[in-house]
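Asker: Got a structure for you, questions after.
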Amino acid sequence: MPSVNDIIMEPSAVTVPELPEVNVPGGGEFELFFDANVEPEKRMAYILMMATDCMHDFNIKTVYPYSEFMSNRKLGGGGWVRKLSANKDIVVQELMRRDPNAKPNKSNRSCEELLRLFKPLTDRSDIDFVVQEELEIRKKLEAMLGELNTKRVGHDLKEKTPKRPKIEKKVDTAEAVANVNIHLKLDDSSASIAMEAAEKAARNSDFKVTIAIVNAEGVPMIVKRLEGANPHSFDLAITKAKTACLFQRNSSQLQDFPDVSRGGVPLMANGICMGGVGVSGDKQPNCEKVAYAAVDKLMEDAKQESLDLKTNRYMDLPDVDVPEVPPPVPEASV
Numbered sequence: 007m008p009s010v011n012d013i014i015m016e017p018s019a020v021t022v023p024e025l026p027e028v029n030v031p032g033g034g035e036f037e038l039f040f041d042a043n044v045e046p047e048k049r050m051a052y053i054l055m056m057a058t059d060c061m062h063d064f065n066i067k068t069v070y071p072y073s074e075f076m077s078n079r080k081l082g083g084g085g086w087v088r089k090l091s092a093n094k095d096i097v098v099q100e101l102m103r104r105d106p107n108a109k110p111n112k113s114n115r116s117c118e119e120l121l122r123l124f125k126p127l128t129d130r131s132d133i134d135f136v137v138q139e140e141l142e143i144r145k146k147l148e149a150m151l152g153e154l155n156t157k158r159v160g161h162d163l164k165e166k167t168p169k170r171p172k173i174e175k176k177v178d179t180a181e182a183v184a185n186v187n188i189h190l191k192l193d194d195s196s197a198s199i200a201m202e203a204a205e206k207a208a209r210n211s212d213f214k215v216t217i218a219i220v221n222a223e224g225v226p227m228i229v230k231r232l233e234g235a236n237p238h239s240f241d242l243a244i245t246k247a248k249t250a251c252l253f254q255r256n257s258s259q260l261q262d263f264p265d266v267s268r269g270g271v272p273l274m275a276n277g278i279c280m281g282g283v284g285v286s287g288d289k290q291p292n293c294e295k296v297a298y299a300a301v302d303k304l305m306e307d308a309k310q311e312s313l314d315l316k317t318n319r320y321m322d323l324p325d326v327d328v329p330e331v332p333p334p335v336p337e338a339s340v
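Numbering (my numbering), first residue to last: 7 to 340.
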C-alpha cells in the first residue's frame, strides 16, 4: 500500500505510484460486493469514498490529478467535488453493508456524520483492492489531462464561434489590402448601408430579428425590428451592440457576462472601434451571422475605397522642376 507521500503530490512533479499487488485469491468481502452490487455510474464515487476511508490524509482537493480538474474552470471547476464525492445513498448503502444492524438517519445527518459510523475494513485484500482501483482512476484522469494539454485546453474547450460567412472580395489580392490603412467612418450613410446588408441577410434566411447599430460611444444610430420579431429583442439587440462596441470584441467571447449572448460584433478599423452591430430574436449563431453581414459589407466597401485611394494617390500630381544640385568642390590640399 503506498504511503501518504506517494499519494499527495504536487502537479509539477507528477508520477503515478506503482499499483500494489493483490495476492489474496478470491477477493475480500467488499471486493465481491463492489463487483456485484455497485452500479457502473456510481463506482468512481464509491471508490473515492472508500479511498478516503482507507488512506490516511486522503483529500481529493489536494491529490493530483483531481486537484487539476477542480481548479480548472474548463474541466468543470467545483462541479467535480459534487460529481466525485459520495452521496448519501452510497454512504448509507456501504454503512448497511458493514453493519446490517445500523440505523442511519440520512434525512438529518450529513455525509461526514454518517462516515463516522463506519467500522474500519480489516481484510487486507479489501484495502489493496480499493487502493488499486483508486490508482487506476488516477491513471485514466492523468491520461485525459495529458491529451487535453496537448490540444491546448484553453482553446480546444472554449466555446467555438461559428465561422464568418464567406464573401466575394472586390480587391484583386489579399496582400494589397493588408498594406492599406482602412478609411472607415460610421455616419448615417454607412450605417444605412450596414442595415440594408444585415436586413437582406436576415430576410434571405427568414430570420425574424431586430438589428441595432451603435456608434463608437455606444449610442444607437439605427434600430430596426423586422416583421415577426419578438418585441423583447429590441432592447437585447441594442445591449449586444453596445457590449461589443464598449469591450471591442464579439459578445460571444464575454463569458463573464452570462446575460450577454451571441449576436454582438464590433466594427473595427486599424485597431480602433468605430461602432457595433447587435442582432437578437433568433438562435444565437443566426443572430451573429446577420451581424457579420453588416460588418463585412462596410469593411468590404472601405477596403476597396482605401485601395483605390492608395493606387491613385500619385496619378494627377503636377510636374515639378527639380533644380540640379552642383557637385561638391574638392578642398585644396595644403
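Here a beta-carbon is modelled for each residue, glycine too, at the ideal position from N, C-alpha and C.
1) What's the call for A275, buried or exposed, on a 16-neighbour Cβ count within 10 Å?
2) Go ahead and pull the three-state DSSP assignment for T21.
3) With contact counted as at least three CB pairs below 8 Å, one residue from each stretch, are the stretch 97-108 and the stretch 64-73 in contact?
4) Quick check: A208 and C251, are their CB atoms within less than 8 Å of each other?
5) Quick one: measure Cβ to Cβ for G287 and I244, integer angstroms, because I've assumed they're closer than 8 Å.
6) Which same chain residues end up closer than 7 Å to A108 when comparing Cβ atoms and leaving out the 5 residues on each side of it in sequence?
7) Decide if P291 is buried, meaning its Cβ has at least 16 other Cβ atoms within 10 Å, or exposed.
8) Look at the Cβ atom of K246, then the Cβ atom of E205, and state whether they are nearer than 8 Å.
9) Quick check on N185: does DSSP put it in helix, strand or coil?
10) Round the Cβ separation of L304 and A218 to the nearest angstrom and send it over; I've been treating them as touching at under 8 Å.
11) Distance, Cα to Cα, N236 vs E202?
12) Which same chain residues end up closer than 8 Å to C117 when comparing Cβ atoms and leaving out the 5 residues on each side of it in sequence?
13) Taking just the CA atoms, how far does K295 sit from S302?
14) Please return the same chain residues whose Cβ sits closer than 7 Å to the Cβ of A197, not counting the five positions on each side in sequence.
15) By DSSP's criteria, L273 is part of a beta bridge. Which residues make up the other side?
16) Roughly how many angstroms lie between the CA atoms of E24 and G33, to the nearest whole one?
17) Tell me, please, which residues DSSP counts as bridged to A218.
18) If contacts are defined as beta-carbon pairs under 8 Å, then E35 and D105 qualify, I think. What distance do you get, rounded to the angstrom?
19) Work out the CA separation of Q138 and L120 for me, nearest whole Å.
20) Got a sec, what are the start and stop residues for the alpha helix (DSSP H) F350 sits in?
21) Buried or exposed: which applies to S267, given that a residue is buried once 16 or more other Cβ atoms fall within 10 Å of its Cβ?
22) So the alpha helix (DSSP H) K109 belongs to, where does it begin and stop?
23) Could you tell me if I53 is buried or exposed, where buried requires 16 or more neighbouring beta carbons within 10 angstroms of its beta carbon?
24) Could you check whether T249 and L242 sit closer than 8 Å to each other, using their CB atoms as the reference points?
25) What residue does the alpha helix (DSSP H) around E140 start on, and which one ends it?
26) How big is the Cα-Cα spacing for N114 and K48?
27) Against chain D, with Cβ distances strictly below 8 Å, would L38 count as a contact?
28) Measure from the alpha carbon of K5 to the alpha carbon of each residue in F253, S258, C293, K145, then state which is nearest.
29) Under a Cβ-count criterion, where at least 16 other Cβ atoms within 10 Å of its own Cβ denotes burial, should L232 be classed as buried or exposed?
Answerer: In brief:
1) The residue is buried, with at least 16 neighbouring Cβ atoms inside 10 Å.
2) Confidence in T21 is poor, its pLDDT being 46 and thus under 50, which makes the residue's placement unreliable; the coordinate value appears in the next sentence. Coil.
3) When C-beta atoms of the stretch 97-108 are compared with those of the stretch 64-73, fewer than three pairs fall below 8 Å, so the two segments do not count as touching.
4) C251 sits away from A208, with the two beta carbons spaced by 8 Å or more.
5) Wrong, their Cβ atoms sit about 12 Å apart, outside the cutoff.
6) The beta carbon of A108 lies closer than 7 Å to those of L101, M102, L123 in the same chain, with the five residues before and after it left out.
7) So P291 counts as exposed.
8) Not in contact: K246 and E205 (Cβ atoms no closer than 8 Å).
9) For N185, the predicted model reports a pLDDT of 44, less than 50, meaning its position is unreliable; a value from the coordinates is still stated below. Here N185 sits in coil by DSSP.
10) Actually they are not in contact, since the Cβ atoms of L304 and A218 sit about 15 Å apart, beyond 8 Å.
11) Going from the Cα of N236 to the Cα of E202 covers about 20 Å.
12) Its chain contains S91, A92, N93, K94, V97 as the residues whose beta carbon lies nearer than 8 Å to that of C117, once the 5 sequence neighbours on both sides are disregarded; these appear in chain order.
13) Reading off the sequence, residue 302 comes out as Asp, not Ser. Approximately 10 Å between the Cα atoms of the pair.
14) Excluding sequence neighbours, A197 sits near I219, M227, I228.
15) DSSP, once it has assigned bridges, lists G281 as partnering L273.
16) Bear in mind that the predicted position of E24 carries a pLDDT of just 47, short of 50, making it too unreliable to give a figure here.
17) A218 pairs with V229, G284.
18) With a Cβ gap of about 13 Å, E35 and D105 do not count as contacting.
19) Cα to Cα, L120 sits roughly 25 Å from Q138.
20) Residue 350 is absent from the structure shown; the chain starts at 7 and stops at 340.
21) Its Cβ being crowded by 16 or more others within 10 Å, S267 is buried.
22) Judged by DSSP secondary structure, K109 falls outside any alpha helix (DSSP H); it is assigned neither H nor E.
23) The Cβ neighbour count for I53, taken over all protein chains shown within 10 Å, is at least 16; the residue is labelled buried.
24) Not closer than 8 Å, so no.
25) 130-156 is the extent of the alpha helix (DSSP H) around E140.
26) Near 23 Å, if we compare the C-alpha coordinates of K48 and N114.
27) This model lacks chain D altogether; it includes just one protein chain.
28) Shown here, the chain extends from 7 to 340; a query on residue 5 therefore has no answer.
29) Under this definition L232 is a buried residue.
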